[in-house]
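S.K.: Would you mind keeping the following structure in view while I ask a few things?
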Amino acid sequence: MNIVLGITGGIAAYKAPDLVRRLRERDADVQIVMTASAEEFVTETALQAVSGRPIRSNLWDKEAERAMSHIELARWADLVLIAPATAEVMARLVSGAAPDLLSTICLATEAPIAIAPAMNHVMWNNQATQANRATLEERGIRILGPGVGSQACGETGAGRMLEPDAIAAAAFDIAGSQDERLLDGKKVVITAGPTREPIDPVRYITNRSSGKMGYAMARAAAAQGAEVVLVSGPVNLEEPAGVEVTHVGTAHEMYEATHTAIENADIFIAAAAVADYRPADIKEQKIKKTEESMRIDLVRCPDILASVAALEAGPYTVGFAAETEKVDDYAKGKLRKKKLDMIIANRVGDDCGFDRDDNTVSVFWSDGEERFPQAQKALLARDLIALVAHRYYAVRGADSKDNVIAIH
Ligand SMILES: Cc1cc2nc3c(=O)[nH]c(=O)nc-3n(C[C@H](O)[C@H](O)[C@H](O)COP(=O)(O)O)c2cc1C
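The sequence shown begins at 808 in the working numbering and counts up one residue at a time.
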């Protein structure tokens, strides 16, 4: 994938080398185009070193093919991504002004454009910036973030650039979604993250799931054209663009939200780490430290995955198995016992699985299996969604898509 990465003059430009690295890890060719102000924040040398290409910043570039680097790069790009995007460049894009190489490329390209705004929260909330944001969105420019949090100016609010990995994942989703999509017209429900089972008003039982795999699956399914409902336990992740997210706390709430969402769903993917047990009795007041030892009686939580798999005319159902040992055996057992269509198994422990950006999985279905070597969760999710789509059409068949087989 060819990405023109526009870097403009905001403090967050210091994160640009990391963003380039994340894009290149996903096999993108990255051509950086800097504005004059960006050069105040990050050096050309650093960016050339990580991108492996000379930096372009001059509209009047005699080296370029026919001296028109704006046209050459506008045609070359599969995606134009501006990160960080200043308030100023947003205004330039709205006005159609093209005084520099980056804004001229944006006018001349037919590739999708995505921007990751980054600025002080007052600048972001300024009526002019918000009007510009709305106009750009209306014109189909994808706005990534910004996030909320502490800012370089020492204040807190909306305006932080999204983290490089989230921008890279979104960039690939946007560029990938230009192709014919495997799940156009399909509804996919995905659960993600842990659940929290309260003990008293201040304590709960939970697990180490970060939700990253489920969120990556939701992004990948949306990029393939699916209508995606993500039922999410408590996580610290950006909501994926174009996905309906329902936030829940307990296993019981996740059960209810899943069964509400599942109506008319074609595919269900259970990536959440749902508690197996919850405290039988939730104390109304904080438990005081009195005895040397104490007992908490636990009772079973509802089995969301099995309940969906048991639905008559239910969706194609995919489970996840996170195991610390005998991964294949346990996963195949779960596939049979819960009557799933597919199971995605991974080993979890201190060195793998939870709260990491990569994963290694094995996938099993009744008469087949496939192994996926270690890869970034975003890339893995893309391949897993392609496999799920392939198996879904193979089993549920009527409107089978030929291209699914070609892709996987
Ligand atoms: C130290 C410093 C930090 C700045 N940080 C930001 C920023 O984070 N976001 C922003 O929109 N503008 C920021 N600006 C203002 C832009 O650099 C200015 O509007 C400039 O004209 C942007 O040009 P460009 O969009 O062509 O890069 C900053 C200016 C200075 C001096």
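By construction, the Cβ of each residue, glycine as well, lies at the ideal position given by its N, Cα and C atoms.
Just so we're clear, the structure is a prediction, and the values are computed from it rather than from any experiment.
Residue range of the alpha helix (DSSP H) that G1021 falls in?
M.R.: Per DSSP, G1021 belongs to the alpha helix (DSSP H) from K1019 to A1030.
S.K.: Could you check what DSSP says for F979 in three-state terms: helix, strand or coil?
M.R.: Of the three classes helix, strand and coil, the one that applies to F979 here is helix, per DSSP.
S.K.: Tell me the rounded alpha-carbon separation between G903 and I920.
M.R.: The straight-line gap from Cα to Cα measures roughly 14 Å.
S.K.: Less than 8 Å between the CB atoms is what I'm expecting for A999 and V1036, so what's the real figure, rounded?
M.R.: Going by Cβ atoms, the distance from A999 to V1036 rounds to 11 Å, so no, they are not a contact pair.
S.K.: Let me know if E750 comes out buried or exposed under the rule of 16 or more other beta-carbons within 10 Å of its beta-carbon.
M.R.: The chain is shown only over 808 to 1215; residue 750 falls outside these bounds and no answer can be derived.
S.K.: If you compare alpha carbons, which of R829, A1072 and V857 is closest to A1116?
M.R.: A1072
S.K.: Taking the Cβ atom as the reference point for each residue, do I1076 and V1155 lie within a distance shorter than 9 Å?
M.R.: no
S.K.: Assign S1207 to buried or exposed, taking buried as 16 or more other Cβ atoms, counted over all protein chains shown, within 10 Å of its Cβ.
M.R.: Note on S1207: pLDDT 45, under 50, position unreliable in the model; no value is reported.
S.K.: Could you tell me which whole beta strand (DSSP E) segments of length 3 or greater appear in the segment 1048 to 1084?
M.R.: 1051 to 1054 and 1074 to 1077
S.K.: Please state the DSSP three-state secondary structure of Q1183.
M.R.: strand
S.K.: Could you check if N1210 is buried or exposed, using at least 16 other CB atoms within 10 Å of its CB as the buried criterion?
M.R.: Reliability of the predicted coordinates at N1210 is poor, the pLDDT of 39 falling under 50, and no value is obtained from them.
S.K.: So, at 7 Å on beta carbons, what are the nonlocal neighbours of I1212 in its own chain, with the 5 sequence-adjacent residues on each side left out?
M.R.: Residue placement at I1212 cannot be trusted, given a pLDDT of 37 that sits under 50; what the coordinates show is reported in the next sentence. The residues are H1197.
S.K.: Using CA coordinates, which residue listed in G947, V929 and V896 is at the minimum distance from A918?
M.R.: G947
S.K.: What did DSSP end up calling P924 once you bin it into helix, strand or coil?
M.R.: strand
S.K.: Within its chain, find whatever has a CB closer than 7 Å to the CB of D1135; leave out the 5 residues flanking it on each side and keep chain order.
M.R.: A1152 and S1169
S.K.: Report buried or exposed for G1021, applying the criterion of at least 16 other Cβ atoms within 10 angstroms of its Cβ.
M.R.: buried
S.K.: Ignoring anything shorter than 3 residues, give me the beta strand (DSSP E) runs that lie fully in the segment 822 to 884, in order along the chain.
M.R.: 836 to 841
S.K.: For T963, which three-state DSSP category applies?
M.R.: strand
S.K.: I'd like to confirm something about G1021: is its beta-carbon nearer than 8 Å to some heavy atom of ligand 1, or not?
M.R.: Taking 8 Å as the cut-off, the C-beta of G1021 does not count as close to any heavy atom of ligand 1.
S.K.: Straight-line CA distance for K1141 to I1103?
M.R.: 28 Å
S.K.: What do you get for A843, buried or exposed, if any count of 16 or more other CB atoms within 10 angstroms of its CB means buried?
M.R.: Burial state of A843 is exposed, judged by a 10 Å Cβ sphere holding fewer than 16 other Cβ atoms.
S.K.: What residues match up with D1152 in a beta bridge as DSSP calls it?
M.R.: Checking the sequence shown, residue 1152 turns out to be Ala, not Asp. In DSSP, A1152 forms a bridge with A1128 and S1169.
S.K.: Which of the three DSSP states, helix, strand or coil, is assigned to E917?
M.R.: coil
S.K.: Just how far apart, CA to CA, sit R1026 and A1078?
M.R.: 13 Å
S.K.: Is V929 closer than 9 Å to S910 when the C-beta atoms are compared?
M.R.: Cβ distance not < 9 Å, so S910 and V929 don't count as in contact.
S.K.: Is I1094 near A1028, with beta carbons less than 9 Å apart?
M.R.: no
S.K.: Using the C-alpha atoms, what's the distance from L854 back to A823?
M.R.: 8 Å
S.K.: Taking 8 Å as the cut-off, is the CB of S844 close to at least one heavy atom of ligand 1?
M.R.: Relative to ligand 1, the beta carbon of S844 is positioned inside 8 Å of a heavy atom.
S.K.: Look at the alpha carbon of C960 and the alpha carbon of R940, and state the distance between them as a whole number of angstroms.
M.R.: 22 Å
S.K.: Span of the alpha helix (DSSP H) holding V1134?
M.R.: V1134 to K1144
S.K.: Rounded to whole angstroms, what's the CA-CA distance from V857 to V827? Just pull it up for me.
M.R.: 7 Å
S.K.: Distance check for N933 and V1195, CA to CA, integer angstroms please.
M.R.: 44 Å
S.K.: Taking all protein chains shown into account, decide if R1178 is buried (16 or more other Cβ within 10 angstroms of its Cβ) or exposed.
M.R.: exposed
S.K.: Locate the alpha helix (DSSP H) running through A1116, then write down its first and last residues.
M.R.: Residues I1111 to A1116.
S.K.: Report the three-state DSSP secondary structure of N939 (helix, strand or coil).
M.R.: N939: helix per DSSP, three-state reduction.
S.K.: Is any heavy atom in ligand 1 found nearer than 8 Å to the beta carbon of T911?
M.R.: no
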